[in-house]
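There are 4 protein chains.
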Amino acid sequence: MITVKVKPEMEMEVFEKYESNVRSYSRSFPTVFKKAKGYKVWDVNEKEYIDFFAGAGTLNYGHNNDKMKKLLIEYLEEDLITHSLDMATVARGKFLEQFNEVILKPRNLDYKVMFPGPTGTNTVESALKIARKVTGRETVISFTNAFHGMTIGSLSVTGNSFKRHGAGIPLSHTVSMPYDDYFSSNRSIEYIERFLEDSGSGVALPAAIILETVQGEGGINAASYEWLRDIERLCRRFDILLIVDDVQAGCGRTGTFFSFEPAGIKPDIVCLSKSIGGYGLPMAITLIKSEHDIWEPAEHNGTFRGNNLAFIAASEALTYWENKDFSNGIQEKSEMVSSFIDHVIEEYKELKGEKRGRGLMQGIASEIEGLSEQICNEAFNRGLLMETSGPNSEVFKFLPPLIIDKEGLEKGFAIVEESVQTVLNK
Amino acid sequence: MITVKVKPEMEMEVFEKYESNVRSYSRSFPTVFKKAKGYKVWDVNEKEYIDFFAGAGTLNYGHNNDKMKKLLIEYLEEDLITHSLDMATVARGKFLEQFNEVILKPRNLDYKVMFPGPTGTNTVESALKIARKVTGRETVISFTNAFHGMTIGSLSVTGNSFKRHGAGIPLSHTVSMPYDDYFSSNRSIEYIERFLEDSGSGVALPAAIILETVQGEGGINAASYEWLRDIERLCRRFDILLIVDDVQAGCGRTGTFFSFEPAGIKPDIVCLSKSIGGYGLPMAITLIKSEHDIWEPAEHNGTFRGNNLAFIAASEALTYWENKDFSNGIQEKSEMVSSFIDHVIEEYKELKGEKRGRGLMQGIASEIEGLSEQICNEAFNRGLLMETSGPNSEVFKFLPPLIIDKEGLEKGFAIVEESVQTVLNK
Amino acid sequence: MITVKVKPEMEMEVFEKYESNVRSYSRSFPTVFKKAKGYKVWDVNEKEYIDFFAGAGTLNYGHNNDKMKKLLIEYLEEDLITHSLDMATVARGKFLEQFNEVILKPRNLDYKVMFPGPTGTNTVESALKIARKVTGRETVISFTNAFHGMTIGSLSVTGNSFKRHGAGIPLSHTVSMPYDDYFSSNRSIEYIERFLEDSGSGVALPAAIILETVQGEGGINAASYEWLRDIERLCRRFDILLIVDDVQAGCGRTGTFFSFEPAGIKPDIVCLSKSIGGYGLPMAITLIKSEHDIWEPAEHNGTFRGNNLAFIAASEALTYWENKDFSNGIQEKSEMVSSFIDHVIEEYKELKGEKRGRGLMQGIASEIEGLSEQICNEAFNRGLLMETSGPNSEVFKFLPPLIIDKEGLEKGFAIVEESVQTVLNK
Amino acid sequence: MITVKVKPEMEMEVFEKYESNVRSYSRSFPTVFKKAKGYKVWDVNEKEYIDFFAGAGTLNYGHNNDKMKKLLIEYLEEDLITHSLDMATVARGKFLEQFNEVILKPRNLDYKVMFPGPTGTNTVESALKIARKVTGRETVISFTNAFHGMTIGSLSVTGNSFKRHGAGIPLSHTVSMPYDDYFSSNRSIEYIERFLEDSGSGVALPAAIILETVQGEGGINAASYEWLRDIERLCRRFDILLIVDDVQAGCGRTGTFFSFEPAGIKPDIVCLSKSIGGYGLPMAITLIKSEHDIWEPAEHNGTFRGNNLAFIAASEALTYWENKDFSNGIQEKSEMVSSFIDHVIEEYKELKGEKRGRGLMQGIASEIEGLSEQICNEAFNRGLLMETSGPNSEVFKFLPPLIIDKEGLEKGFAIVEESVQTVLNK
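Residue numbers (the numbering used here), protein chains in the order written: chain A, 5 to 430; chain B, 5 to 430; chain C, 5 to 430; chain D, 5 to 430.
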């Protein structure tokens, strides 16, 4: 029995009629979705889709995970507190303990957990604020093709000109620097270091450098570990705080809980959202090194800092990280994706494809304008959800739930390959 | 059976140890909450609290409303899609139809619905952006003691200096004007009009004027309907967009669905969040007059625009507005609050109390420094959740769930009166 | 013998052909000027003009003052150093000594003299910088209809929307407050004080308040001495620096050397330019209370800080202030202007005239659109230089050289009266 | 007979006592100057100095040029109009005609002349304003180690962090890009082009690119002609206005009237000041391509736009450009300087010297901290005025008046060489 009765044939009209023109995914995926489980989604016509999109990295544990679902239903049934601002609750306390036990302690990380409002842009805004407060400086360095969110503070550190223009005001107090490999010859660090050490460079010593280790929206650009270490070194040299925005690349997306673990760096501030909530419920946290946690009480607040349903699912999600199995599984599946990408680039040279990314956050950039979008459209028609990325939508990306199995991956690959063939008229 | 097992005696330590210093309500209400129903909340020691706080206006329909709870559990059980970014889903479509049918059509309002990310500050940021885009202007006029949120755009239109200072950067492109009754002699409109019409005033013609009809955080200041109409008139005269931030005062808090209905004005943009989600789940919408809905697709986006659980509860919550009963009930209870306030001010002259607010958003401002906070502390000890408001926390405010019954109100009043007596040593 | 030979009949074309469209006074006074002495000017056609304009307050000592002229010629003849950046020179030293002896010491003022670049906007920019440095704050409060200059810092504290718009960027870090008498009921101080003392007002505690005691460009609005004292009191109460921009109203224009003397206030910073140079040569100084003179060497610099010709004339000009005669003379002539204005307003009621200003900085505001401009045009044709002021050019103003004699004034008055009659068709 | 009588022995005290701490050159050159002629200056003790400083490029025609002096004295004697705001005057008209005839027409340049206020920072501010108005954009790209002036607009495009910090507010709406040769491998253009063409770069399409062809204050860095052409090409490709700030490098300093002539580029806007006035009197002009001269009348104004003495000297100065002799002479002297620099670098390897600059705007950068300053101090003691340049004062620079003769140069060189030897203990 389905709770909400709808007439399938009328549905897309509802959105066109009542929803703002700003709507986006209902255009890329023009159908009305109803049900979802694991790596699969169904629309009102019961058409099945394999999900290579995963809520843009929010559904690392898949749709409607059974264990979390059970806990959520129990929580609701028992009338445990649902909304609580940032009051102390059992669910919040449980999450804090669990996060410390499973994530921070084993990694020897001394972070305080801040609940900044349950969206990615909220955690980024809170990170920028505390970095400015700690250092007393105003400028923040961000990177070409960075994406950090839609509110003015986060937009100021976002690279995309279309999004920035949407601000309607000039965005300031930030400087955009070249991301790793932005130039063919790898000089990004030299460039940044020169600007920082030259007192005549016109770039003030910043409060923070904010970065994604893999740029999800900006084209699945993965920074090398060496570059990340170089950036950390610059931060230490000039007393700049290092903020890693791990909203999309974190929570296992690239193989480890934090995406920066293999680089061996220790950011001063880490932004988490998307999959931290486990079940796709709105949640975000900001991790702040204890020594920098100089907030005044309530200096940053917000109504939905106490989404207890999210805490319940989030705590359960952390059990995936109690041993290495989950992490190892991601590694294996990453290699499958990697091999498939190699195959496609090699086999379909007309694509002029370039491999991008890391872990289960990989994609193919095609030089040919419009091609990646066509491939995604074909894939949608064939039952695969996949989206593009990059300033010119030049990348089609593989972002399946991390819990996907090999069968799911292979089915998805088959659809991708068919779509590529169709688009290339092969 | 309680899902999450906790040792009550250790709990507050968990928050002190692991959570950032920024935490706030766990300081005002120093206990660990566990369960909630209607207008009551229980902590881990099974102490019961009457809720005169309602999630700062998020729980207008009370905690864990049974009808919504049933629908949420069913939705979860059937594995209907939970997280969907802004894809079309059955739950989203249902909400759009219902909102149009129950709210917009009967009020003859032609708004498009935007899902800007599920928090108050997200809807405010989206409102500012579209207003600037529509008009091509940059300045926004906001008011003394306004509160609109914690991200840089929203902070720029917020009055509180402590919060503003937290930005760590100068906040710009905004001008703060006196709210209604800011000066003892009512000249706010004259002041604003003069600045707008004088080309030498130093204040640029703004993109928008943003206001709360009752300032929730700024001291429960209620604007008169006349002032609201005057502001609308100024907006029309100078082609300025009028944004009403109805995040706290909307969804029935002052007696009507939109707080501005009795004033007879039609804002260009309306921000809703908090109680729009019905069950306290994160949700926000921005209403934009059709003619101003000139967003490009995806110009403002965000991960949690598709919180389907919230849509399910939100749709159910709208049924409260299918007839006048709910509205009338709020009116009656408002009068009870009003009478009680009159009684307290009259009876306890030492309070130097002043009545503030409208509907179920009323409070008492005490001139005596620190007194309102002491009263709230006493009330907490006696089992009542109530918080202060205003730049110097000078107001103690009554913000019960709208579904509270007379018994609940009276119990709450009794605790308030005892607390006042205690604080005044009577 | 005239040094530069010109063909008079071709001249205005030269300006139309070669000079930028931004040119202004060559439009209001469409003739080519050649010679000047005292309060008189002659164009290439030997038409004589009485000067009620005085270089917008730059020629307080009249055109080409004989004593200064003699010293300038001697200085040039002897090849004494002309351009010297801010090196120590005899002429600069002489000015510093003289200024201290004649101006500062007798008034018991302890200011350091800064040479910030030889224009009004330069002194204002330097004043804003040092005030921000001293206080560590960013906001500056300025006033409706203020005029402080055309560079971005000065424009930010200027009221005129046309000029502000010319910046091409949003102007920030400033707040515009109502000048004295901006509202019919005099509440300006109450407004400002309320904004400053309320921590929820949205207006940050400023580094400085900058004001003109009489607003020259903004409509010849004279602040009352009481208001000036109230502003100083606010500054002291909130540790705000008080900057008086005395560029136009200073150097005797309103009767005393500093315009603020009769109010009994002691600004922290004073901006002087225009007539400080004596002969109309570019010069500006910024006076900074010793305790606030915390500049690092060269923190503000500029090429033309050492205009030695200006120093020579400026030192001579100061001799006017060695006794009370000059000051008393201004007072007498001010009363003549005042009486004449009363007469015009009374006699020509169709003007709907309002008296404005103080000292030899007075004018008549006419409610009738365009009238003041017409009167100035008529006056020009009749041989009088006079300009309008105010956001809508609604004031025609009397700004003769302070050295004008009674005959000169009366001749000017006669032309004004004729012009008024002509415009009113009398 | 000396006009101003001073007691030499007391003089430096005057400046220490009365002048602000911001004073700078009176510290580097701690004596009181009195007289000057050609390339020589004398102090009150009649000590003679050779001038390798030339008012930081203001005295290209030397001190107190006899022809100009004669005209100035005549102008004064005849009581021709001295101060005239921007009214049409004979002297202004003469300059406009002369400038068009001698400079613009022969170079086939179609510029309108704007008088923006008589300082370098005024012309830069006006250039930024008109560029933003023409394009409707806000961002301006400037370069590392650029110097454009001390007012907020000009500071925003200046690289030096000490000067920028002096603003007391964050400087915005500008982006600092690497100047030619900023990196050892010459990639500046590639960097800039990539930022401009990538819509995800975080750098908005700018209104203008502003540059000095040789950076005078930033370390005597000379851009290659190729780089200048590349920058112009970028400007054309992206419809960006090119502003050349020729305040220091213009008026013949590098061998041609405009410094950019040999590069074959045609900037949209040119800023001139310093030597444009001929005699060291305050003057500045902004040249704007006719098609971009869309100013409204009076949109940018200022009191000292009519410094007629400066116009008289400026017109005379232009006669130097009526044939090639002056230009050729500069070329010869430049080669002498160049050879001398080669000699010093070769002979005194301990200097670790690097040659910088072009024309009569050359210098030696020494890697050894503090050395260049010591050399300048030694030179001063020996009777040579010379100053350092660069973010760490690492360059000692040769900026003699262009009219210097070979004897003067050689005398200066001898002092420099002695100073180098002394400092190196040779």
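By construction, the Cβ of each residue, glycine as well, lies at the ideal position given by its N, Cα and C atoms.
Exposure label - residue i; buried when at least 16 CB within 10 Å
i	result
A:Glu398	buried
C:Glu326	exposed
D:Asn332	exposed
A:Glu20	exposed
C:Phe384	buried
A:Pro110	exposed
A:Phe57	buried
A:Tyr87	Contrary to the premise, residue 87 of chain A reads as His rather than Tyr in this sequence. When all chains shown are included, A:His87 counts as buried.
B:Arg240	exposed
D:Asp114	exposed
C:Ile419	buried
B:Glu373	exposed
C-alpha distance - residue i paired with residue j, whole-angstrom precision
i	j	result
C:Leu388	C:Arg96	36 Å
B:Ala317	B:Met287	10 Å
A:Ile156	B:Glu221	22 Å
A:Gln366	A:Lys359	8 Å
B:Gly170	A:His304	7 Å
A:Asp83	D:Gly172	55 Å
C:Cys275	D:Leu76	29 Å
D:Ser180	D:Asn396	19 Å
D:Ala60	D:Leu403	7 Å
A:Met5	A:Lys38	Its pLDDT being 34, under 50, A:Met5 is placed unreliably by the model, and the measurement read from it follows with that caveat. Answer to the nearest angstrom: the Cα atoms are 13 Å apart.
8 Å contact criterion, which residue i and residue j should meet: CB distance rounded
i	j	result
C:Pro122	D:Phe308	7 Å
A:Thr125	A:Lys278	That pair is no contact at about 12 Å.
D:Glu129	D:His177	So it is not a contact: roughly 13 Å between Cβ atoms.
B:Ala267	B:Tyr324	B:Ala267 to B:Tyr324, Cβ: 22 Å. No contact.
C:Leu215	C:Val248	6 Å
A:Gly256	A:Phe315	With a Cβ gap of about 19 Å, A:Gly256 and A:Phe315 do not count as contacting.
C:Leu322	D:Val18	15 Å between Cβ atoms; not a contact.
A:Phe417	A:Phe344	5 Å
B:Asn149	B:Gln219	5 Å
A:Val117	B:Met118	No, A:Val117 and B:Met118 are not in contact; Cβ-Cβ is about 31 Å, not under 8 Å.
DSSP bridge partner residues for residue i (one or two, in chain order)
i	result
C:Tyr79	In the DSSP output, where bridge partners are listed per residue, C:Tyr79 has none listed.
D:Glu358	D:Ala369
D:Ala212	D:Val144, D:Leu245
Report task. Output the residue ranges of the beta strand (DSSP E) runs that lie fully inside the region 267 to 312 of chain A and measure 3 residues or longer, sorted by chain position. Result -> 273 to 276, 289 to 293
Report task. Quick one: which unbroken alpha helix (DSSP H) runs of 4-plus residues sit fully inside the region 100 to 141 of chain C? Chain order, please. Result -> 124 to 139
Query raised in the report: Enumerated in chain order, which unbroken segments of the beta strand (DSSP E) with a length of 3 residues or greater are wholly contained in the region 12 to 79 of chain C?
Result: As summarised for the region 12 to 79 of chain C, the continuous beta strand (DSSP E) elements at least 3 residues long and confined to that stretch are 37 to 41, 44 to 47, 52 to 55, given in chain order.
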